[in-house]
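Here the sequence shown stands for residues 13 to 299, where the numbers follow this note's numbering. The beta-carbon is built from N, C-alpha and C at its ideal position, and this holds for glycine as well. Note sheet for the following structure.
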Amino acid sequence: MSYKLPYGHLSPSQLNTWERCQMQYRIFVAEGAKAPPDCGLEVKKQTHETILETDLGQKIKTGTNLPDSHLEEAFLAGLEQRVALMAEDPNRGAVTPEQIVAREQGYFGKIVSQSAPWRKKTMPKSVEAEVNFTLGEVPIKSRLDLVADEGVNDRVLDVKRQGRGPSKGSAQNSRQLATYAIGTGIADVGLAVIVENVTPKVDVELGQVSQGLVERVQAQYQGIAGEITDAIEKDRWVPVDTTDQRKAWVCTAQYCGAWRIGSKDWKTGRDIGCPYGERAQAKVYGS
Ligand code: SF4
13 MSYKLPYGHL
23 SPSQLNTWER
33 CQMQYRIFVA
43 EGAKAPPDCG
53 LEVKKQTHET
63 ILETDLGQKI
73 KTGTNLPDSH
83 LEEAFLAGLE
93 QRVALMAEDP
103 NRGAVTPEQI
113 VAREQGYFGK
123 IVSQSAPWRK
133 KTMPKSVEAE
143 VNFTLGEVPI
153 KSRLDLVADE
163 GVNDRVLDVK
173 RQGRGPSKGS
183 AQNSRQLATY
193 AIGTGIADVG
203 LAVIVENVTP
213 KVDVELGQVS
223 QGLVERVQAQ
233 YQGIAGEITD
243 AIEKDRWVPV
253 DTTDQRKAWV
263 CTAQYCGAWR
273 IGSKDWKTGR
283 DIGCPYGERA
293 QAKVYGS
């Protein structure tokens with residue numbers, strides 16, 4: 013079967029967006045709109061860049077980690093650049109770019125020192141490497157955070173910064189990690205989570221991707237590729253069901269860059285306000 017896919021491929025993050033809200037997929041994937049920078053997201057992206065690319069990326073060649081002070085400087089310089097853009101966003105909320113940088117100035121040093129044992133132990137083989145492959149006739153393109161040399165085997169790791177550590181079994185049941193395992197042929201996978209406690213820590217959950225999960229994931233890619241092809245051909249996109257309280261969080265100003273009437277594409281300034289956002293909420297909640 014030949015699928016119609018934006019950019020000609022799918023990725024784990026595209027699947028997540030599709031499952032959250034088809035309208036969101038249309039706006040941010042099919043039409044390629046860019047949401048304004050978001051405080052929490054920019055901090056996470058800069059953490060990712062500093063720990064993975066700046067430190068572990070150079071370790072592939074040098075075999076050693078960078079000094080803690082270097083990582084802190086690189087993080088703050090990168091974050092300042094990222095949040096400077098937010099000063100232009102009228103919808104950025106109560107937190108100012110200066111407040112974000114001030115908060116991270118003290119905290120990121122703790123992340124660097126608390127993650128040191130894990131960073132030192134990790135022997136990276138590749139960082140942010142692109143993988144391209146086909147799964148049940150669906151072309152897939154994605155980036156692997158980290159492939160680590162574990163002695164006998166290699167392991168594919170996804171690295172995140174978030175409030176909670178990984179739950180038991182989350183690595184071996186992760187669709188994202190299963191996708192990577194299929195793309196690389198590496199069955200050993202893991203999640204390395206920088207947990208944002210008062211004293212941050214790195215929690216690692218390891219697993220092995222089973223054949224059953226591989227088959228389920230392949231079926232999901234094929235099913236969703238078919239749905240996207242159909243949506244593109246008919247130009248028919250279903251908004252998230254905001255009457256379902258388990259899903260309603262998606263359709264809020266915090267989680268959807270198209271939620272407000274008059275929301276702008278951050279690249280072009282084009283109006284991307286979704287007709288099902290603010291107005292639908294007003295209708296549902298009767299305000
Ligand atoms: S505003 Fe709501 S319905 Fe519209 S794209 Fe965003 S999440 Fe989907």
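Problem - Cβ-based burial, W261 [other Cβ within 10 Å; buried from 16] - result: The residue you call residue 261 lines up with position 249 of the sequence shown. By the 10 Å Cβ count, W261 comes out exposed.
Exercise for the section: Kindly indicate the opening and closing residues of the alpha helix (DSSP H) around V113. Expected result: Locating residue 113 in the sequence shown gives position 101, counting from the first residue. Run containing V113: 109-133, per the alpha helix (DSSP H) assignment.
Exercise for the section: Whole angstroms is fine: what's the gap from A204's alpha carbon to V216's? Expected result: If you number the sequence shown from 1, residue 204 lands on position 192. If you number the sequence shown from 1, residue 216 lands on position 204. Spanning the two alpha carbons is a distance of roughly 4 angstroms.
Handout entry: Distance between R155 and V214 (C-alpha atoms, nearest Å)
Key = Here residue 214 corresponds to residue number 202 of the sequence shown, with the count starting at 1. Here residue 155 corresponds to residue number 143 of the sequence shown, with the count starting at 1. If you take the alpha carbons of V214 and R155, they lie about 21 angstroms apart.
Handout entry: Entirely enclosed beta strand (DSSP E) segments - the stretch 185-213, minimum 3 residues
Key = 200-207
Exercise for the section: Check whether the Cβ atoms of A42 and P18 sit closer than 8 angstroms, and answer yes or no. Expected result: By 1-based counting over the sequence shown, the position of residue 42 is 30. By 1-based counting over the sequence shown, the position of residue 18 is 6. In this structure, P18 lies closer than 8 angstroms to A42 by Cβ.
Exercise for the section: With DSSP as the reference, label S81 as helix, strand or coil. Expected result: Indexing the sequence shown from 1 puts residue 81 at position 69. Helix.
Practice task
Would you mind giving the Cβ-Cβ distance between P136 and I72, rounded to the nearest angstrom? I have them listed as a contact below 8 angstroms.
Solution key: Start at 1 with the first residue of the sequence shown, and residue 136 comes out as number 124. Start at 1 with the first residue of the sequence shown, and residue 72 comes out as number 60. About 5 angstroms separates the two Cβ atoms, so the contact holds.
Exercise for the section: Reducing DSSP to helix, strand and coil, say where D67 ends up. Expected result: Numbered from its first residue, the sequence shown carries residue 67 at position 55. In the structure shown, D67 falls within a helical segment according to DSSP collapsed to helix, strand and coil.
Practice task
Check A42 in the structure and name its three-state DSSP category.
Solution key: Start at 1 with the first residue of the sequence shown, and residue 42 comes out as number 30. Reduced to three states, the DSSP call for A42 is helix.
Exercise for the section: For R282, I'd like the list of residues in its chain whose CB is within less than 8 angstroms of its CB, leaving aside the five on either flank, ordered along the chain. Expected result: The count along the sequence shown starts at 1 and reaches residue 282 at position 270. Same-chain partners within the cutoff: A45, K276.
Practice task
Determine the burial state of T59: buried for a count of at least 16 other Cβ atoms within 10 Å of its Cβ, exposed for fewer.
Solution key: Working through the sequence shown from its first residue, we reach residue 59 at position 47. Label assigned to T59: buried.
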